[in-house]
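S.K.:
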């Protein structure tokens, strides 16, 4: 049975249709990558998974339970099973690294300070960070900030880790560190991973399965091998990073001189 | 053309009502969490830093404003009172103005600017950088964690800052009247305490403080929570929070003045300060 299920989910902001009847099943223990251009509604999909957004129509299911109509309080309990890595990290900038990672543990468990310290240090070690626990988020580099945010996301040993553009804004080497981290956590913690990205390199590296979102609909569903061999022109252009006539039309109409 | 105008007016009216509905829901959730969490140690632990931010750091500015207003009152009214030979009664008019109106209202306005702006900016930035979403995703309610302590700090400390502003306003009035204008100290002090200023008047000002503080806290947190995207969104949230808090203060003040006056007259009758 699939762990997360979208059933004909539609979402609209003002007049803009972002999701148009999306159906998707995500199996437990696998890493699924959702590809799509910037602004194609990938992050909106992620936010539906944890109930941060509710669909205009359609249903979202998690672990055999419909969640899109749950009250906020019930959702809060459910969300502790998710680890969410935000695009910019979303670390609390008024707290140091230690307090950031400890936040969910303090909020949801009755562990004593000694145990909390142990867990926080273990999580920071898992993402490859040492001696940063006293630093404030502003003192960290972009890559470090993402890794601290990841340590915070896995603090409560979630069943699902959700990554919102994990490699955006990082250089290729730091990006690859994050890719390896995703694979490592996947393997060691046996979690279900959902990665939203437009970084093809990262997608091909971490995915068990890739789906692609285009104009509110899923236009591709398959493995990394499948997407390389896809003959859909939109998918092909995305895989190879080539702009089509439609995207370039604006440039041609306005001559530089 | 006419239809367009009607449509626009209608649209704006529904937006306004929807916004007010949102605000009431927000306030309702804040009160629910407030009573649910009032007896938990965690709520009080979060409260201390807010007490410092809202209360301690407002002391200098509220004090300066209070003292100077008392001094200005003395400077402006002295010559008129002296002309009718009633300058020794200056204390009653200055102190009455300070404890009933100027002290509470100006303290609240200063707080709306200093604290309200800061709250809206802080929460607005947290909204824009997804920190509020992050909190929700981690299963914590941002209203409970962020809004309740800030709201409580505003509600509990505004009356205290009002009392402090009152004291400095009274001292400022005395400082100009007695040492500078040479009103006899005994007469000034006698009329300060026997000329209309009684417990009722002082308490009216201080009780108003609870409501002013509540309005500042709720409005600023609400505006911050619903901040638009980017730096301009946060900036707008700050401005709107100050303007809305200011208007709320002025309206609450009017309602209070009216109700309190009626109550006072009903209990004691109309007492003149020149009696």
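Chains as they are written, first to last, in the numbering used here: chain A, 104 to 360; chain B, -5 to 269. The C-beta atom is built at its ideal place from N, Cα and C for all residues, glycine as well. Note that the structure is predicted; figures quoted are calculated from it, not measured.
Take residue 259 of chain A as the anchor and find which of A/191, A/158, A/186 and A/152 has the nearest alpha-carbon.
M.R.: For the residues A/191, A/158, A/186 and A/152, the minimum Cα distance to residue 259 of chain A belongs to A/186.
S.K.: Given the structure, does residue 213 of chain B come close to the ligand GTP, in the sense that its CB is under 8 Å from one of the ligand's heavy atoms?
M.R.: No copy of the ligand GTP appears in this structure; indeed no ligand is present at all.
S.K.: Which residues of chain B have a Cβ atom closer than 7 Å to the Cβ of residue 151 of chain A, listed in chain order?
M.R.: Near residue 151 of chain A there are no residues of chain B at all, since even the closest Cβ is about 12 Å away, more than 7 Å.
S.K.: Under 7 Å, CB to CB, which of the residues in the region 107 to 140 of chain B have a partner in chain A?
M.R.: Under the 7 Å Cβ criterion, the region 107 to 140 of chain B contributes 123, 124, 125, 127, 128, 130, 131, 132, 133, 134 and 135.
S.K.: Answer yes or no: do residue 314 of chain A and residue 138 of chain A have a C-beta to C-beta separation smaller than 9 Å?
M.R.: Contact flag set, yes.
S.K.: In the DSSP output, which residue or residues are listed as bridge partners for residue 130 of chain A?
M.R.: DSSP lists A/105 as partners of residue 130 of chain A.
S.K.: On the three-state DSSP scale, how would you describe residue 215 of chain A?
M.R.: Reduced to three states, the DSSP call for residue 215 of chain A is coil.
S.K.: Taking the continuous beta strand (DSSP E) assigned at residue 267 of chain A, which residues delimit it?
M.R.: Where residue 267 of chain A is concerned, the enclosing beta strand (DSSP E) stretches over 263 to 267.
S.K.: Tell me whether the region 56 to 70 of chain B and the region 14 to 32 of chain B touch, counting them as touching only if at least three CB pairs, one residue from each stretch, are closer than 8 Å.
M.R.: Not touching, per the Cβ criterion.
S.K.: Interface residues of chain B around residue 193 of chain A at Cβ under 8 Å?
M.R.: By Cβ distance, chain B contributes 123, 124, 125, 127 and 128.
S.K.: Please look up how many angstroms separate the CB atoms of residue 219 of chain B and residue 106 of chain B, rounded, as I've assumed it's under 8 Å.
M.R.: Contact flag wrong, Cβ pair sits at about 17 Å.
S.K.: Quick one: residues in its chain with C-beta nearer than 7 Å to the C-beta of residue 352 of chain A, no 5 flanking neighbours on either side, listed in chain order?
M.R.: No residues qualify anywhere along the chain.
S.K.: Helix, strand or coil for residue 317 of chain A, going by three-state DSSP, please let me know.
M.R.: Reduced to three states, the DSSP call for residue 317 of chain A is strand.
S.K.: Compare the Cα-Cα distances from residue 387 of chain A to each of A/181, A/156 and A/242 and report the closest residue.
M.R.: Because chain A is modelled from 104 through 360, residue 387 of chain A falls outside the range shown and cannot be assessed.
S.K.: Measure the C-alpha to C-alpha separation of residue 30 of chain B and residue 142 of chain B and round it to an integer number of angstroms.
M.R.: Answer to the nearest angstrom: the Cα atoms are 11 Å apart.
S.K.: Between which two residues does the beta strand (DSSP E) harbouring residue 188 of chain A extend?
M.R.: Per DSSP, residue 188 of chain A belongs to the beta strand (DSSP E) from 185 to 188.
S.K.: Kindly indicate which three-state DSSP category residue 162 of chain A falls into: helix, strand or coil?
M.R.: Reduced to three states, the DSSP call for residue 162 of chain A is strand.
S.K.: Out of curiosity, what's the CA-to-CA distance linking residue 232 of chain B and residue 126 of chain B?
M.R.: Rounded to whole angstroms, residue 232 of chain B to residue 126 of chain B spans 17 Å at the Cα level.
S.K.: Run through DSSP, which three-state label would residue 138 of chain B get?
M.R.: Correct three-state label for residue 138 of chain B: helix.
S.K.: Would you decide whether residue 46 of chain B is buried or exposed? Buried here means 16 or more other CB atoms lie within 10 Å of its CB.
M.R.: Exposed, since its Cβ has fewer than 16 Cβ neighbours within 10 Å.
S.K.: How long is the line joining the alpha carbons of residue 146 of chain B and residue 53 of chain B, rounded to whole angstroms?
M.R.: Whole-angstrom Cα-Cα distance: 18 Å.
S.K.: In the region 233 to 283 of chain A, which residue ranges form an unbroken alpha helix (DSSP H) of at least 4 residues, counting only runs that do not cross its ends?
M.R.: For the region 233 to 283 of chain A, whole alpha helix (DSSP H) runs of length 4 or above, ordered along the chain, are 245 to 256.
S.K.: How big is the Cα-Cα spacing for residue 3 of chain B and residue -4 of chain B?
M.R.: Each residue's Cα considered, the two are about 11 Å apart.
S.K.: From which residue to which residue does the beta strand (DSSP E) around residue 298 of chain A run?
M.R.: Where residue 298 of chain A is concerned, the enclosing beta strand (DSSP E) stretches over 295 to 300.
S.K.: Which stretch, first to last residue, makes up the alpha helix (DSSP H) that contains residue 50 of chain B?
M.R.: Unbroken run through residue 50 of chain B: none, as it is neither H nor E.
S.K.: Return the chain-ordered ranges of every alpha helix (DSSP H) run that is complete within the region 31 to 78 of chain B and spans a minimum of 4 residues.
M.R.: Qualifying alpha helix (DSSP H) stretches, in chain order: 35 to 48 and 53 to 77.
S.K.: So what does residue 136 of chain A bridge to, in DSSP terms?
M.R.: BP columns for residue 136 of chain A point to A/298 and A/313.
S.K.: Classify residue 196 of chain A as helix, strand or coil using the three-state DSSP reduction.
M.R.: In this structure, residue 196 of chain A counts as coil in the three-state DSSP scheme.
S.K.: Under 9 Å between the Cβ atoms of residue 208 of chain B and residue 149 of chain B?
M.R.: Against a cut-off of 9 Å, the Cβ pair of residue 149 of chain B and residue 208 of chain B comes out as a contact.
S.K.: Going along the chain, which residues of the region 206 to 230 of chain A sit with their C-beta nearer than 9 Å to a C-beta in chain B?
M.R.: Within the region 206 to 230 of chain A, the residues whose Cβ lies closer than 9 Å to some Cβ of chain B are 206, 207, 209, 210 and 211, listed in chain order.
S.K.: So which residues of chain B does residue 180 of chain A contact, with C-beta pairs closer than 9 Å?
M.R.: By Cβ distance, chain B contributes 133.
S.K.: If you measure between the beta carbons of residue 257 of chain A and residue 232 of chain A, is that distance less than 9 Å?
M.R.: For residue 257 of chain A and residue 232 of chain A, no; Cβs fall outside 9 Å.
S.K.: Going by the beta-carbon positions, is the gap between residue 84 of chain B and residue 68 of chain B smaller than 9 Å?
M.R.: It is a contact, given that the beta carbons lie within the stated cut-off.
S.K.: Does any residue of chain B bring its CB to less than 9 Å from the CB of residue 176 of chain A?
M.R.: By this cut-off, residue 176 of chain A is an interface position.
S.K.: Output the distance between the C-alpha atoms of residue 153 of chain B and residue 78 of chain B, rounded to the nearest integer angstrom.
M.R.: Cα to Cα, the separation comes out at about 36 Å.
S.K.: Taking Cβ-Cβ distances shorter than 7 Å, what residues in chain B pair up with residue 369 of chain A?
M.R.: Since the first residue shown for chain A is 104 and the last is 360, residue 369 of chain A is missing from the structure and cannot be characterised.
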